[in-house]
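Please read the structure below before turning to the comments.
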Amino acid sequence: MGKLSCESKFELENSLLVHSLFTNREKISDLWELDSLGIKDPSEKKSKLELQDLALKHFENTVLRDDEGRYIVSIPWIEGNEKLEDRYSLAKGRLEKTLKFTGRLIDYEQVFVDWEKEGIIEKIAQDEPKIGGKFPYLPHRPVFKENSTTKICPVFDGKSCSLNDCVEKGLNLIEMMPAILNRFRLEKKGVISDIRKAFPQISFHENDMNFLPLLWGEGGNSEKAVIYRHRRVVFEVSCSHFLLAAVLNHHFKQAPEHLEKAAEKLIDSMFVDNCVASVDSSEELESFQRDSTELLALGKFDLRGWRHSDIESNFDCQDNQQKSDPEEIIVLRLMWNVCVKEDTFSISYKETESKEEVTKRRILSLAHRYFEPIGFTCPITLITELLIEECWKIKTSWNSKL
Numbered sequence: 017m018g019k020l021s022c023e024s025k026f027e028l029e030n031s032l033l034v035h036s037l038f039t040n041r042e043k044i045s046d047l048w049e050l051d052s053l054g055i056k057d058p059s060e061k062k063s064k065l066e067l068q069d070l071a072l073k074h075f076e077n078t079v080l081r082d083d084e085g086r087y088i089v090s091i092p093w094i095e096g097n098e099k100l101e102d103r104y105s106l107a108k109g110r111l112e113k114t115l116k117f118t119g120r121l122i123d124y125e126q127v128f129v130d131w132e133k134e135g136i137i138e139k140i141a142q143d144e145p146k147i148g149g150k151f152p153y154l155p156h157r158p159v160f161k162e163n164s165t166t167k168i169c170p171v172f173d174g175k176s177c178s179l180n181d182c183v184e185k186g187l188n189l190i191e192m193m194p195a196i197l198n199r200f201r202l203e204k205k206g207v208i209s210d211i212r213k214a215f216p217q218i219s220f221h222e223n224d225m226n227f228l229p230l231l232w233g234e235g236g237n238s239e240k241a242v243i244y245r246h247r248r249v250v251f252e253v254s255c256s257h258f259l260l261a262a263v264l265n266h267h268f269k270q271a272p273e274h275l276e277k278a279a280e281k282l283i284d285s286m287f288v289d290n291c292v293a294s295v296d297s298s299e300e301l302e303s304f305q306r307d308s309t310e311l312l313a314l315g316k317f318d319l320r321g322w323r324h325s326d327i328e329s330n331f332d333c334q335d336n337q338q339k340s341d342p343e344e345i346i347v348l349r350l351m352w353n354v355c356v357k358e359d360t361f362s363i364s365y366k367e368t369e370s371k372e373e374v375t376k377r378r379i380l381s382l383a384h385r386y387f388e389p390i391g392f393t394c395p396i397t398l399i400t401e402l403l404i405e406e407c408w409k410i411k412t413s414w415n416s417k418l
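According to my numbering, the sequence shown is numbered sequentially starting from 17.
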């Protein structure tokens, strides 16, 4: 159908209708398109790999470490930053909306105060020169998590300021899941952990910080807008996963000789900030925990939250989570029953029986309800996908009863 012109002869309501139809068709095609699984046309995949190779070469040429051992990286631009736009007005409007409708403003403001103390963000003068005349402010909103150790967390919108369109996104992470899970099942004893606040442990070069500004209203007053800029990697910017993976792999390859064995296992076991591994013995479990924690600490990363399935081991987690956590924990979208001798995986699901009429829309909703990366549920989920395909063949409407 193609792009629509923004000229006045096109009425807004028509363009919105076409956009809605396009979105629905896109969701349907995702069910059987190989691209959604990371399987691409060879020429397209080659082009993507070439871009990633260039980004990795740029990373290797620009990565540094400060006096504390913290890594310093550059933003991996795809074709420069010419597409960036100054979005101060948008960020200011979103800030006003956030301050108006958000409760617990004092708690939210304290997050930025703490971040400034930790060096994650810093204030900048409003008259500070803008690199290239562009200053793509990152709008943000609070997310409250009462059951988490972090009760309130700012979430940034990298897409709204066009920043995400200009940076390298890295590999399709879904491609990595099956291999990591199979290696997790390979040896006798499973062990997992994660890096505490992994992304903010990586710093940006000074010149790149100006592309990551944010606004905050002092005392909850949007008229007293203060400009901060991020000094560390921001999770919501689409290059963040690429940068974290590149830093970790670079760090593991630089491991001291006595930590090389742990580094080799970590290279095959890291999924973003999660370590998902397996070992053959209690002795190997203890040495892997000790050596990998030491290795990551050299790069200012805190590897914690250790869990394992070795019921005979004397190994005790430093944070005592092994004793207090529930028997079933989530490992890359699967439920791992860690405290029984069977040491099993399972799929968490909700009953789908209801009094709702069965329609094409209802079937599509059920088809998208579950995601399981290793293929255990394919014989079941295939049924809903075939039903959707049949609905399209008979050209039934979205809400017609089947």
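Where is the CB? At the ideal position from N, CA and C, for every residue including glycine.
Residue of the options minimising C-alpha distance to residue i
| i | options | result |
| --- | --- | --- |
| residue 297 | 206, 309, 212 and 155 | 206 |
| residue 159 | 123, 108 and 384 | 123 |
| residue 302 | 387, 359 and 322 | 322 |
| residue 132 | 109, 244 and 168 | 244 |
| residue 64 | 126, 166, 395 and 186 | 186 |
| residue 273 | 138, 310, 114 and 343 | 310 |
| residue 199 | 126, 137, 233 and 286 | 286 |
| residue 408 | 388, 386, 393 and 380 | 380 |
| residue 157 | 404, 125, 226 and 328 | 125 |
| residue 212 | 224, 166 and 411 | 166 |
Three-state secondary structure (DSSP) of residue i
| i | result |
| --- | --- |
| residue 84 | coil |
| residue 210 | strand |
| residue 152 | coil |
| residue 138 | strand |
| residue 95 | coil |
| residue 403 | helix |
| residue 260 | helix |
| residue 205 | strand |
| residue 89 | strand |
| residue 39 | Because residue 39 sits at a pLDDT of 38, beneath the cut-off of 50, its placement in the model cannot be relied upon, and the following sentence gives the value as read from the coordinates. In the structure shown, residue 39 sits in a helix (DSSP, three-state: H, G or I). |
| residue 352 | strand |
| residue 200 | helix |
| residue 290 | strand |
| residue 236 | helix |
Cβ-Cβ separation, residue j to residue i (assumed contact under 8 Å), whole Å
| i | j | result |
| --- | --- | --- |
| residue 154 | residue 230 | 5 Å |
| residue 293 | residue 277 | Wrong, their Cβ atoms sit about 12 Å apart, outside the cutoff. |
| residue 172 | residue 252 | 4 Å |
| residue 283 | residue 268 | 5 Å |
| residue 353 | residue 362 | 7 Å |
| residue 259 | residue 250 | Actually they do not touch by this definition, with Cβ atoms about 10 Å apart. |
| residue 246 | residue 228 | 4 Å |
| residue 127 | residue 170 | 6 Å |
Min CB distance residue i to chain C below 9 Å
| i | result |
| --- | --- |
| residue 326 | The chain labelled as chain C is not found in the depicted structure, where only one protein chain is given. |
Bridge partner(s) assigned by DSSP for residue i
| i | result |
| --- | --- |
| residue 170 | 158 |
| residue 246 | 137 |
| residue 344 | 353 |
| residue 229 | 245 |
Next on the checklist: Using a Cβ distance threshold of 8 Å, determine whether the region 202-219 contacts the region 175-189, with at least three qualifying pairs required.
Outcome noted: no
Next on the checklist: Could you check whether the region 283-292 touches the region 344-355, counting it as contact only if at least three pairs of C-beta atoms, one from each stretch, sit closer than 8 Å?
Outcome noted: The way I'd put it, the region 283-292 does touch the region 344-355; three or more beta-carbon pairs between them come closer than 8 Å.
Checklist entry - Taking three-plus beta-carbon pairs below 8 Å as touching, is the region 81-90 in contact with the region 103-111? => result no
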